[in-house]
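Chains A and B, in that order, are what the protein sequence lines are.
If you use our numbering, the first sequence corresponds to residues 1 to 230, in order.
If you use our numbering, the second sequence corresponds to residues 1 to 460, in order.
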Amino acid sequence: MERHFTRELELLKRDMLSAGALALSALRKSLTALAKRDIDLANQVIEADRVLDDREMRVEEECLKLLALYQPVAGDLRFVASVIKINSMVERLGDIAVNIGRRARYLAKRAPLPVDIDFPVVGNRVVDMLDKALQSFVELSSEKANEVLKMDAEVDAAYRRINKQLIEFMTYHPDRVEDAVQTMNLARHLERAADRATDIAEQVLYILSGTILRHHKDRDDAAIPEEPKK
Amino acid sequence: MFRRRLLWRLFAINAAAFAVFLGVASAWLLSDPRQGGTGSIVAALVGMAVLGLIASFFAALTVYRPIERVRRAAEDLAKGDLNARVDTIGPDEVGDLAEAFNTMSRQLRTRMAELEGRRREVATIMENISEGLLLLNPAGEVALVNRAAQKLLGRRAADLVGKPLWQNLHLPEVHEMIAELPKIDEPARVRIELAAAGEARVAEMVVTPLFEISDGEKRAVLLIIDVTEDRRLDQMRRDFVADVSHELKTPLTSIKAYAETLLDGADQDEGARRPFLEKIVSNSNRLTKLVADILDISRLETGRKDDSRERSDLNALVRRVVGEFSERAAKKGVTLAFEPAAAAPEAYVNSEDMREAVENLIDNAINYTAEKGTVRVALKVADGRITVEVADTGIGIPADALPRVFERFYRVDRARSRAMGGTGLGLSIVKHVALRHGGNVEAASEVGKGSTFRILLPAA
Chain A
1 MERHFTRELE LLKRDMLSAG ALALSALRKS LTALAKRDID LANQVIEADR VLDDREMRVE
61 EECLKLLALY QPVAGDLRFV ASVIKINSMV ERLGDIAVNI GRRARYLAKR APLPVDIDFP
121 VVGNRVVDML DKALQSFVEL SSEKANEVLK MDAEVDAAYR RINKQLIEFM TYHPDRVEDA
181 VQTMNLARHL ERAADRATDI AEQVLYILSG TILRHHKDRD DAAIPEEPKK
Chain B
1 MFRRRLLWRL FAINAAAFAV FLGVASAWLL SDPRQGGTGS IVAALVGMAV LGLIASFFAA
61 LTVYRPIERV RRAAEDLAKG DLNARVDTIG PDEVGDLAEA FNTMSRQLRT RMAELEGRRR
121 EVATIMENIS EGLLLLNPAG EVALVNRAAQ KLLGRRAADL VGKPLWQNLH LPEVHEMIAE
181 LPKIDEPARV RIELAAAGEA RVAEMVVTPL FEISDGEKRA VLLIIDVTED RRLDQMRRDF
241 VADVSHELKT PLTSIKAYAE TLLDGADQDE GARRPFLEKI VSNSNRLTKL VADILDISRL
301 ETGRKDDSRE RSDLNALVRR VVGEFSERAA KKGVTLAFEP AAAAPEAYVN SEDMREAVEN
361 LIDNAINYTA EKGTVRVALK VADGRITVEV ADTGIGIPAD ALPRVFERFY RVDRARSRAM
421 GGTGLGLSIV KHVALRHGGN VEAASEVGKG STFRILLPAA
């Protein structure tokens with residue numbers, strides 16, 4: 001029975017990671033679509049989200065089945081409960097990738113904004129964060145999880161910088177406010193993706209320590225005040 | 001007979017033992033406590049027995065020692081000491097055994113060295129091939145990973161080995177492939193996108209299942225081939241075909257339109273006929289020039305043409321080209337100046353190609369320079385390098401366009417370039433010629449002030 005459960009946990013981990021890989025790939029592709037102004041690729045990302053949604057449901061069912069069947073306790077319980085949470089974060093990351101894909105599709109049809117925004121750099125950073133967050137989950141490594149938490153501050157700073165740039169641009173170019181707002185949304189989605197990666201890392205720390213970090217610090221600082229929350 | 005020394009020794013041991021037995025037995029038989037007379041006989045017999053015992057022991061020792069030495073050596077060998085050998089014992093059976101042992105250990109040594117050499121050979125090849133190589137054991141864990149794979153995947157061997165691959169590669173394609181692995185028996189191929197060291201790479205991953213006849217377990221070899229460069233070239237070729245088609249289509253459309261209009265009755269209109277025919281001719285000329293330039297480019301790129309280079313004096317070559325343009329420059333009111341190099345700038349060049357490159361530069365310079373402007377063509381030699389410089393006081397090139405002017409079909413202003421009869425290939429040809437001669441090109445410009453183009457060539 002015990003060995004059976006361990007095996008089931010391993011399979012669950014693998015399924016979870018496989019979903020994570022899909023989200024990571026979607027995020028990466030959406031950023032490529034944005035950088036290369038590739039409408040086909042953006043459409044592909046938007047289409048592919050269904051697969052991730054399927055995956056999410058499967059992982060969730062798996063978790064519930066494990067809880068009902070084996071009634072795990074302590075560390076194992078924390079693990080399964082955390083997978084449920086990470087699963088929904090991964091699903092949301094997929095949605096964020098779709099949103100970025102939609103913005104990329106829109107912006108690809110417009111003339112490029114004459115603002116020097118380092119989306120590729122921030123984008124790579126976010127992709128790295130998610131990659132590392134998934135790795136911290138595989139290895140259950142608090143070291144890697146903590147690295148992710150540190151990286152989040154950087155992305156937040158970059159987000160604030162981009163916002164400032166865009167606000168300044170809009171002041172002088174009222175004719176392109178629409179495009180600038182879309183770009184701003186894009187930056188916000190990226191920042192949210194970074195937050196989701198951070199959530200995953202925090203969940204990993206919870207598996208390891210049993211302490212909930214979520215409400216200990218205010219990560220959403222970076223969101224500008226007039227942005228309504230979710 | 002003397003080779004059988006061990007036999008003799010064993011015989012001696014037995015003989016001595018027999019003497020002991022005889023001595024003890026007769027001493028016991030003869031011992032009569034009542035008769036003191038036999039005491040000395042008994043003593044002699046006991047003495048004989050003791051001597052026999054001692055002799056027997058030493059004789060046994062001579063057999064035991066050499067065998068013990070062989071045993072020790074065998075033990076060392078078993079422990080892995082391939083240098084284990086027995087020192088010379090002598091010409092008897094144990095000596096033969098020791099010899100045989102030494103031969104065996106020597107052969108083992110050479111065989112192992114051979115195997116080790118072969119293993120190292122394979123390991124070196126595996127480690128150093130440019131493709132990434134991974135070996136997965138039946139449990140799907142990484143058993144081996146070479147350097148290229150570590151570099152491509154951006155993970156160290158220590159992180160990869162002994163763990164399932166899906167734990168380290170967050171790529172949906174890899175997850176899928178590994179899930180499929182138990183079901184496939186043909187090599188499978190997936191395209192993956194990697195971002196090792198922040199650099200986006202495209203790779204092809206080929207997984208080949210390996211059936212082990214002996215245990216029926218399935219291992220797999222993963223080959224990761226970096227195809228980033230191929231893809232880039234592929235894309236370039238596709239872009240080129242698209243560009244060429246587009247460029248050819250424009251003049252063709254004009255020719256067709258004018259010809260059709262003429263056929264539809266415009267040829268009866270005296271005022272329209274001539275200008276229309278002129279348009280047809282000028283567009284045909286453009287097509288001809290375009291095709292010639294495209295052929296030039298493809299010839300320069302494939303590099304198949306007989307590359308007849310000879311040592312030439314570039315002063316003379318450039319002077320001739322400048323001469324060809326003097327009339328046109330004068331007509332436009334542009335001053336065309338030539339400054340030859342002080343020392344004779346000699347280089348190995350294909351003079352036809354080089355002339356075309358310089359022509360293209362001067363042609364551009366005159367085209368984009370207004371009346372009363374200057375085009376200065378200068379040659380310089382320094383540090384074994386020849387610089388052909390064409391500087392104008394024309395309209396200049398914006399900074400963001402400057403890095404792209406050598407690209408095929410790139411034009412700062414499409415309409416203007418067409419109006420001047422440009423194909424968009426001139427500078428690209430210049431760059432190709434320079435590269436083919438082991439040189440390079442440079443461009444500097446300031447909007448409104450003028451542009452300077454340089455061909456840098458190694459001197460002969």
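Every residue gets a Cβ at the ideal spot worked out from N, C-alpha and C, and that includes glycine.
- Note on R192/A: 16 or more other CB atoms within 10 angstroms of its CB, so buried under the neighbour-count rule.
- By the 16-neighbour rule on beta-carbons within 10 angstroms, H246/B is exposed.
- Under DSSP, S451/B shares a beta bridge with S445/B.
- DSSP, reduced to helix, strand and coil, places R118/B within a helical segment of the structure shown.
- DSSP places D118/A in the coil class of the three-state scheme, outside both helix and strand.
- Burial is judged here by how many other beta carbons sit within 10 angstroms of a residue's own beta carbon; R320/B has fewer than 16 and is exposed.
- Taking C-beta atoms under 8 Å as the contact rule, I178/B and G140/B qualify, at a distance of about 6 Å.
- Legend: CB atoms of the stretch 222-238 of chain B lying less than 9 Å from CB atoms of chain A are not found in any residue.
- Not a single CB atom of chain B sits nearer than 8 Å to the CB of G101/A.
- With contacts defined by Cβ atoms closer than 8 Å, E359/B and R454/B do not form a contacting pair.
- In the DSSP assignment, R55/A falls within the alpha helix (DSSP H) that extends over 39-70.
- Assigned with DSSP and collapsed to three states, S82/A falls in helix.
- In the structure shown, T387/B falls within a strand segment according to DSSP collapsed to helix, strand and coil.
- Residue-level contact check: L317/B does not touch chain A, since none of the beta carbons of chain A fall below 8 Å from its beta carbon.
- Nearest to A35/A by alpha-carbon distance, out of A200/B, A357/B, A391/B, D269/B, is A200/B.
- Residue pairing by DSSP places G154/B in no beta bridge whatsoever.
- Annotation: the continuous alpha helix (DSSP H) that includes E8/A extends over 2-36.
- Leaving aside the five residues that flank A149/B on each side, the residues in its chain whose CB is nearer than 7 Å to its CB run, in chain order, G132, L133, L134, I224.
- The DSSP-derived three-state label of F211/B is strand.
- Under DSSP, no beta-bridge partner is assigned to I255/B.
- Among the residues of chain B, those whose CB is under 7 Å from the CB of R14/A are W166, following chain order.
- If the five residues before and after K431/B are omitted, its C-beta is found closer than 7 Å to the C-beta atoms of F406, V441, all from its own chain and listed in chain order.
- Taking a C-beta distance under 8 Å as the contact criterion, V227/B and E204/B qualify as a contact pair.
- Across the structure, T32/A and Y368/B are spaced so that their CA atoms are roughly 38 Å apart.
- Contact of L24/A with chain B by beta-carbon distance below 9 Å involves H170, L171, P172.
- In the structure shown, the three-state DSSP call for T423/B is coil.
- Fewer than three beta-carbon pairs drawn from the stretch 142-152 of chain A and the stretch 64-82 of chain A are found closer than 8 Å, and the two stretches are therefore not classed as touching.
- The C-beta of K132/A has 16 or more other C-beta atoms within 10 Å across all chains shown, which makes the residue buried.
- When Cβ-Cβ separations below 8 Å define contact, V90/A makes no contact with chain B.
- Using a Cβ distance threshold of 8 Å, R55/A and L24/A do not count as a contacting pair.
- Taking a beta-carbon distance threshold of 8 Å, R37/A does not count as an interface residue toward chain B.
- A direct Cα-to-Cα measurement between S56/B and I13/B gives close to 5 Å.
- Interface flag for A195/B against chain A is set, since a Cβ pair is found closer than 8 Å.
- Under the Cβ distance rule, H175/B counts among the residues neighbouring chain A, one pair being separated by less than 8 Å.
- Per the coordinates, the alpha-carbon of V42/B lies some 16 Å from the alpha-carbon of L53/B.
- When DSSP states are grouped into helix, strand and coil, P91/B belongs to the coil group.
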